[in-house]
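Below: the structure, in structure tokens.
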Amino acid sequence: MRRDLGAPGANGHTKKKSDPVNLELDVVIVGAGFAGIYLLHLLRKEGLRAKIVEVGHGLGGVWYWNSYPGARVDSPYPVYALNIPEVYNTWTWSESYPTYKELRQYFQHVDSILDISKDVIYGEKLVKATFDEATNNWVSETDNGSSFTSRFFCSCIGFAAKRLFPDWPGLKEGAYKGQILHSSFWPASGIDICGRKVAVVGTGATGVQLSQEVARNTERLTCFIRTPNLTWPMGLERIAPEQAEKDRELLPYLLGEKRYGNIFFDSTPKEREVRLERQYQEGGPEVLFSHTDILTNQAANDEIYNFWRRKTRARMSDGRKADVLAPTKPPYPFGGRRVSLEQDYYEQMDRPHVALVDLNSTPVTHLVSKGIVTSDGTIHEADLIILATGFDALTGGFKDIAITGPKGLTLEGKWNNGTHAYLGMTISGLPNLFYTYGALAPTAFANGPTLVELQANWIIEVMRKMQLEGLTKIDATQEAEREWKDKVESMEAMTLRGNAERSWYHGSNVPGKKREPLIYPGGIPLYRKEMQEAIVPDWKGVTVS
Numbered sequence: 156m157r158r159d160l161g162a163p164g165a166n167g168h169t170k171k172k173s174d175p176v177n178l179e180l181d182v183v184i185v186g187a188g189f190a191g192i193y194l195l196h197l198l199r200k201e202g203l204r205a206k207i208v209e210v211g212h213g214l215g216g217v218w219y220w221n222s223y224p225g226a227r228v229d230s231p232y233p234v235y236a237l238n239i240p241e242v243y244n245t246w247t248w249s250e251s252y253p254t255y256k257e258l259r260q261y262f263q264h265v266d267s268i269l270d271i272s273k274d275v276i277y278g279e280k281l282v283k284a285t286f287d288e289a290t291n292n293w294v295s296e297t298d299n300g301s302s303f304t305s306r307f308f309c310s311c312i313g314f315a316a317k318r319l320f321p322d323w324p325g326l327k328e329g330a331y332k333g334q335i336l337h338s339s340f341w342p343a344s345g346i347d348i349c350g351r352k353v354a355v356v357g358t359g360a361t362g363v364q365l366s367q368e369v370a371r372n373t374e375r376l377t378c379f380i381r382t383p384n385l386t387w388p389m390g391l392e393r394i395a396p397e398q399a400e401k402d403r404e405l406l407p408y409l410l411g412e413k414r415y416g417n418i419f420f421d422s423t424p425k426e427r428e429v430r431l432e433r434q435y436q437e438g439g440p441e442v443l444f445s446h447t448d449i450l451t452n453q454a455a456n457d458e459i460y461n462f463w464r465r466k467t468r469a470r471m472s473d474g475r476k477a478d479v480l481a482p483t484k485p486p487y488p489f490g491g492r493r494v495s496l497e498q499d500y501y502e503q504m505d506r507p508h509v510a511l512v513d514l515n516s517t518p519v520t521h522l523v524s525k526g527i528v529t530s531d532g533t534i535h536e537a538d539l540i541i542l543a544t545g546f547d548a549l550t551g552g553f554k555d556i557a558i559t560g561p562k563g564l565t566l567e568g569k570w571n572n573g574t575h576a577y578l579g580m581t582i583s584g585l586p587n588l589f590y591t592y593g594a595l596a597p598t599a600f601a602n603g604p605t606l607v608e609l610q611a612n613w614i615i616e617v618m619r620k621m622q623l624e625g626l627t628k629i630d631a632t633q634e635a636e637r638e639w640k641d642k643v644e645s646m647e648a649m650t651l652r653g654n655a656e657r658s659w660y661h662g663s664n665v666p667g668k669k670r671e672p673l674i675y676p677g678g679i680p681l682y683r684k685e686m687q688e689a690i691v692p693d694w695k696g697v698t699v700s
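Per our numbering, the sequence shown runs over residues 156 to 700.
Written as structure tokens, this is what we have:
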């Protein structure tokens with residue numbers, strides 16, 4: 156079973172590595188997803204020498220790896236795309252929530268327009284980066300022996316670069332004799348699940364999509380559920396070619412659109428019911444962004460949960476299953492964890508060949524050759540176990556790179572007892588280092604491409620300002636870090652999200668990981684204002700030299 160991006164595995168993604176290279180650059184970028192691509196595009200315009208190091212063998216970031224049944228994005232058309240005219244003017248989406256197949260085609264299109272691949276070192280995992288105090292440069296190394304010397308080091312690996320696996324007895328020992336894999340390491344050649352006995356472990360966004368799709372074709376599906384997902388209808392639609400062309404002239408506005416919400420209790424109970432009904436029927440994530448008080452007002456949150464529970468239970472005939480998936484008592488505040496989008500998840504879970512195992516009453520004890528054993532002694536037989544068990548999000552993948560700054564300071568050591576960063580992009584003691592779509596930024600509460608473009612634009616502005624002022628080094632101050640961390644914590648304390656027992660928003664989904672707010676909750680407009688105030692008119696929160 157494959158566990159790591161850099162490790163060989165039998166999922167068909169591993170290819171022979173190229174010969175090592177040794178390059179002197181202005182910028183090293185790690186990761187070829189939306190952020191890495193967009194940042195490289197901007198750096199080229201600045202005339203800077205930059206390369207992307209990508210462990211996969213193609214563009215797309217998470218969409219290079221995600222190919223499990225049912226995989227599709229949950230940000231609505233057309234915002235999940237790059238705001239680059241030469242790209243969006245020559246591309247047409249076919250669905251309101253594209254599948255992984257269409258997203259892969261999109262990244263191929265991006266490459267054909269921008270020729271990104273000529274500046275990507277594929278198939279190599281960046282494993283080490285050390286700051287040279289004598290030259291103010293970063294020296295980076297890959298697992299293939301390639302090395303890079305660069306003024307700046309930019310991590311664009313995203314928030315989901317380190318997979319999580321359960322610690323069941325028998326898993327590492329190979330007690331189970333069937334096929335087992337993590338959802339994000341789905342074989343490139345695919346798996347035929349027709350007529351098989353399948354177990355899906357996990358109910359996050361991936362678990363919902365997988366279970367919903369796998370249920371259509373298996374002989375038997377067993378879903379292991381610890382915390383039910385408070386989902387919302389997706390509202391998937393085909394996009395007619397004529398509609399796509401009509402929308403094209405609006406793309407410059409739509410791709411830069413900033414949404415502002417309404418206060419839930421600024422309307423009457425009847426108006427709220429009508430609005431919720433419309434949003435439920437239309438589907439999509441609008442429910443979270445159109446009522447700005449549902450995560451600060453317990454009464455508002457309770458009302459939405461009761462509405463959701465009533466609508467969900469009406470879609471199911473099996474009362475016991477409904478009790479597991481839509482219990483009387485909310486398992487956490489609505490919106491306190493990621494609200495996944497579904498199409499017919501509850502109808503599929505209601506089918507007679509689908510079994511739900513409530514891990515709160517019967518947790519897994521170990522694996523045996525034929526399947527998964529729970530505390531009541533039941534052996535849940537399966538010839539395929541799919542682990543939709545998520546990620547050590549926001550910090551895990553970044554900390555896996557051996558990053559060392561001046562005076563021997565390491566990222567692992569600095570973040571060992573808590574995560575600190577300024578603006579969710581730069582870290583005190585690690586000069587000339589930036590990261591995108593990670594900890595202490597609005598990562599989980601913003602459309603991915605929108606946020607990473609904002610961050611990449613800021614990084615370019617910083618580099619441009621440094622060049623104009625003849626500077627070679629920038630470093631966040633410890634005071635700025637503390638103030639930013641305090642701001643994130645104080646703002647998050649005003650919400651109901653902290654009431655969720657387990658959530659990657661706070662790192663509490665990982666055993667032994669410190670529980671702390673890891674996402675800036677202030678929204679994109681306020682975050683953008685904070686970013687601009689850090690560099691205009693004068694430097695703020697950083698030291699430069």
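For glycine and all other residues, C-beta sits at the position ideal for the given N, C-alpha and C.
| query | result |
| --- | --- |
| Please classify Glu647 as buried or exposed, where buried requires at least 16 neighbouring CB atoms within 10 angstroms. | buried |
| For Ser267, is the classification buried or exposed, using 16 other Cβ atoms within 10 angstroms of its Cβ as the cut-off for buried? | exposed |
| Just the C-alpha distance for Leu336 and Val607, rounded to the nearest angstrom, thanks. | 30 Å |
| Whole angstroms is fine: what's the gap from Ala316's alpha carbon to Pro424's? | 43 Å |
| Any idea if Ser700 is buried or exposed, counting beta-carbon neighbours within 10 angstroms, 16 or more meaning buried? | exposed |
| Measuring alpha carbon to alpha carbon, tell me which of Ala548, Tyr592 and Gln503 ends up nearest Val363. | Gln503 |
| Taking Arg403 and Asn244 to be in contact with their CB atoms under 8 Å, please state how far apart those CB atoms are, rounded to whole angstroms. | 7 Å |
| Measuring alpha carbon to alpha carbon, tell me which residue in Pro485, Tyr501, Tyr460 and Val494 is nearest Asp473. | Tyr501 |
| Taking the continuous beta strand (DSSP E) assigned at Trp293, which residues delimit it? | Asn292 to Thr297 |
| Does the Cβ of Lys280 have 16 or more other Cβ atoms within 10 Å, making it buried, or fewer, making it exposed? | buried |
| Under 6 Å Cβ to Cβ from Ile459, same chain only, skipping five residues before and after it: list those, please. | Ile449 and Phe489 |
| Using the Cβ count rule (16 or more neighbours within 10 Å means buried), how would you classify Leu365? | buried |
| Classify Trp387 as helix, strand or coil using the three-state DSSP reduction. | strand |
| Is it a yes or a no for the segment 328-343 touching the segment 617-625, going by three-plus beta-carbon pairs under 8 Å? | no |
| Per DSSP, which one or two residues make a beta bridge with Ser310? | Val185 and Tyr590 |
| Candidates Gly202, Pro224, Val275 and Leu197: which alpha carbon is nearest Leu731's? | Outside the displayed range of the chain (156 to 700) lies residue 731, so it cannot be described from this structure. |
| Please state if the CB of Glu201 and the CB of Ala187 are separated by a distance shorter than 9 Å. | no |
| Under the rule that 16 or more other beta-carbon atoms within 10 Å means buried, what is Pro396, buried or exposed? | exposed |
| Can the beta-carbon of Thr290 be found less than 9 Å from the beta-carbon of Leu410? | no |
| Cα-Cα, which of Tyr590, Lys476 and Pro485 is closest to Val461? | Note that residue 461 is Asn in the sequence shown, not Val. Residue Pro485 is the option with its Cα nearest to Asn461. |
| Just how far apart, CA to CA, sit Ile558 and Gly584? | 11 Å |
| Residues in the same chain with beta-carbon distance under 6 Å from Leu178, minus the five sequence neighbours each way, listed in chain order, please. | Phe303 |
| Grab me the residues of Ile418's own chain with a C-beta within less than 7 Å of its C-beta, minus the 5 sequence neighbours each way, in chain order. | Low confidence applies to Ile418: its pLDDT is 47, below 50, so where it sits in the model is not reliable enough to give any reading. |
| Kindly indicate which residue of Ile192, Pro175 and Arg306 has the alpha-carbon position closest to the one of Ile629. | Arg306 |
| Quick one: grab the DSSP three-state call for Arg468. | helix |
| Are the CB atoms of Ala611 and Arg506 nearer to each other than 9 Å? | no |
| For Val519 versus Cys378, is the C-beta spacing smaller than 9 Å? | no |
| Would you say the segment 545-552 touches the segment 340-356, given that touching needs at least three Cβ pairs under 8 Å? | no |
| Do Ala599 and Trp639 have their CB atoms nearer than 9 Å? | no |
| Does the contact criterion of 3 or more C-beta pairs under 8 Å hold for the segment 214-228 versus the segment 250-265? | yes |
| Taking the straight line between their C-alpha atoms, what separation do you get for Asp531 and His521? | 12 Å |
| According to DSSP, simplified to helix, strand and coil, what is Ile690? | coil |
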